[in-house]
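Peer 1:
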Amino acid sequence: MPGILEGKVVAITGAGRGIGREIALLCAREGAAVIVNDPGVAQGGDGADAAPADTTVADIAAAGGRAYANFANVADPAAAATIVEDAVQRFGRIDAVVNNAGILRDTIWHKMSYEDWTSVIDVNLTGAFNVSKAATPYFREQGSGSFIHFTSTSGLIGNIGQANYSAAKLGLVALSHSIALDMARWGVRSNCIAPFAWSRMTASIPAETPEQKLRVERMKTMSADKIAPLVAFLASDAAQGVNNQIFAVRKNEILLFNKPRPVRSMVKLEGWTPQAIADELVPAFKPAFARADEVSAHVFPYDPV
């Protein structure tokens with residue numbers, strides 16, 4: 041029986057290791073030709089190594105699949121365009137782009153440098169823009185295509201010491217929404233996934249307090265391969281009716297996130313004064329306030345299923 045991606049061509053950034061590698065392996069097993077993009081940088085974005093991408097390509101080929109390695113840095117627009125160009129030149133088309141590439145430069149807010157900020161934004165957000173922009177003319181011409189962007193609960197909910205990463209990942213959600221709205225007329229979809237999985241990206245989560253240690257132990261039970269099936273589905277024709285959504289995968293659980301919506305409203309016909317806000321509005325709104333110190337462990341306090 042043909043796989044769900046038979047005849048498709050999928051480009052995956054950051055596909056040499058971790059979640060990206062598992063996505064590449066599954067997409068190939070499901071019949072897709074895969075562009076495996078990975079410059080092989082360290083977690084902070086330094087260095088370069090062809091081995092991760094080459095190894096993933098070799099493993100796909102050994103299993104009878106089709107794949108090609110690309111080593112471009114997605115933060116460079118010209119380099120990012122080669123990811124899509126390689127797909128078209130090697131395999132004749134491009135059907136899905138998976139924006140999975142990411143780096144971390146975690147530090148508490150008051151110590152964060154401008155370089156820490158820009159480097160993470162450049163890869164995690166601008167990199168997704170660059171690759172998506174390169175694929176867009178092909179998607180428009182063929183009247184189909186799927187963008188799959190990897191966001192994070194660090195952006196959707198928040199996390200300590202990740203102002204740069206959180207901003208990039210929530211910005212990626214807004215980018216996805218805009219792409220979905222702008223490209224729907226051509227049958228092009230854009231969706232986000234927030235993955236829960238143990239990888240070198242999540243290995244940097246602090247584990248000092250008992251609460252933090254429990255959070256890390258939960259993360260270690262969630263393997264990267266659990267993320268891949270949703271990606272393969274969203275890249276396929278079976279997902280034609282799925283657009284402009286935010287999903288999360290937590291081991292064997294798939295979740296759907298809502299977009300921000302008003303939760304309370306209060307009207308004062310004579311207009312508000314600062315004191316009236318303090319005396320009337322805040323007491324009324326306070327039960328609906330978000331928890332000030334909230335991280336994903338507070339939203340997902342139960343063990344992965």
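Letter by letter, the sequence shown follows residues 41 to 345 in the working numbering.
Using N, Cα and C, we set each Cβ at its ideal position, and we do this for glycine too.
1) Three or more C-beta pairs closer than 8 Å, one from the stretch 176–185 and one from the stretch 127–138: is that the case here?
2) Please classify residue 139: does DSSP put it in a helix, a strand, or coil?
3) Hey, residue 205 and residue 160: beta-carbon distance below 8 Å or not?
4) Output the boundary residues of the alpha helix (DSSP H) element that contains residue 290.
5) For residue 336, I'd like the list of residues in its chain whose CB is within less than 6 Å of its CB, leaving aside the five on either flank, ordered along the chain.
6) Just curious, the alpha helix (DSSP H) that residue 196 is in, first and last residue?
7) In angstroms, rounded to a whole number, what distance separates the CA positions of residue 169 and residue 52?
8) With a Cβ-Cβ cutoff of 8 Å, do residue 63 and residue 276 count as a contact?
9) DSSP three-state label for residue 154, please.
10) Looking at residue 262: is its Cβ nearer than 8 Å to the Cβ of residue 236?
11) I need the boundaries of the beta strand (DSSP E) containing residue 166, first residue and last residue.
12) To the nearest angstrom, how far is the alpha carbon of residue 73 from that of residue 67?
13) Between which two residues does the beta strand (DSSP E) containing residue 416 stretch?
14) Tell me, please, which residues DSSP counts as bridged to residue 38.
15) Would DSSP call residue 228 helix, strand or coil?
16) Counting along the chain, where does the alpha helix (DSSP H) carrying residue 204 start and finish?
17) Can you pull the DSSP bridge partners for residue 53?
18) Just confirm the distance between the C-beta atoms of residue 178 and residue 228, as a whole number of angstroms; I'd bet it's less than 8 Å.
19) Within 10 Å of its beta-carbon, does residue 330 have 16 or more other beta-carbons around it, so buried, or fewer, so exposed?
20) With residue 106 as the anchor, note down where its beta strand (DSSP E) starts and where it stops.
21) Which whole-angstrom value is the C-beta distance of residue 103 and residue 69, which I expect to be below 8 Å?
22) Would you kindly report the start and end of the unbroken beta strand (DSSP E) that includes residue 190?
23) CB residue 111 to CB residue 141, shorter than 8 Å?
Peer 2: Quick answer:
1) Cβ pair count under 8 Å is three or more, so yes.
2) Reduced to three states, the DSSP call for residue 139 is strand.
3) Judged by beta-carbon spacing, residue 160 lies within the 8 Å limit of residue 205, meaning their Cβ atoms are closer than that value.
4) Counting along the chain, no alpha helix (DSSP H) covers residue 290; the unbroken beta strand (DSSP E) around it starts and ends at 286–290.
5) Within the same chain, Cβ atoms closer than 6 Å to the Cβ of residue 336 are found at 193 and 197, the five residues on either side in sequence being excluded.
6) Run containing residue 196: 193–196, per the alpha helix (DSSP H) assignment.
7) Going from the Cα of residue 169 to the Cα of residue 52 covers about 14 Å.
8) In this structure, residue 276 does not lie closer than 8 Å to residue 63 by Cβ.
9) Helix at residue 154.
10) Taking 8 Å as the Cβ cut-off, residue 262 and residue 236 qualify as a contacting pair.
11) Per DSSP, residue 166 lies in no beta strand (DSSP E) and is assigned neither H nor E.
12) Cα to Cα, residue 73 sits roughly 8 Å from residue 67.
13) No answer is possible for residue 416: the residues shown for the chain start at 41 and end at 345.
14) The structure shown does not extend to residue 38, since the chain is modelled only from 41 to 345, so the question has no answer here.
15) Three-state DSSP puts residue 228 in a strand.
16) Per DSSP, residue 204 is one residue of the alpha helix (DSSP H) stretching across 203–223.
17) Residue 53 pairs with 77.
18) Not really, about 10 Å apart at Cβ, beyond 8 Å.
19) Exposure of residue 330 is indicated by the presence of fewer than 16 other C-beta atoms within 10 angstroms of its C-beta.
20) Counted as a single uninterrupted DSSP element, the beta strand (DSSP E) harbouring residue 106 occupies residues 106–110.
21) About 7 Å separates the beta carbons of residue 103 and residue 69, which is inside the 8 Å limit, making them a contact pair.
22) Note, residue 190: beta strand (DSSP E), 185–190.
23) No, Cβ-Cβ distance for residue 111 and residue 141 is not below 8 Å.
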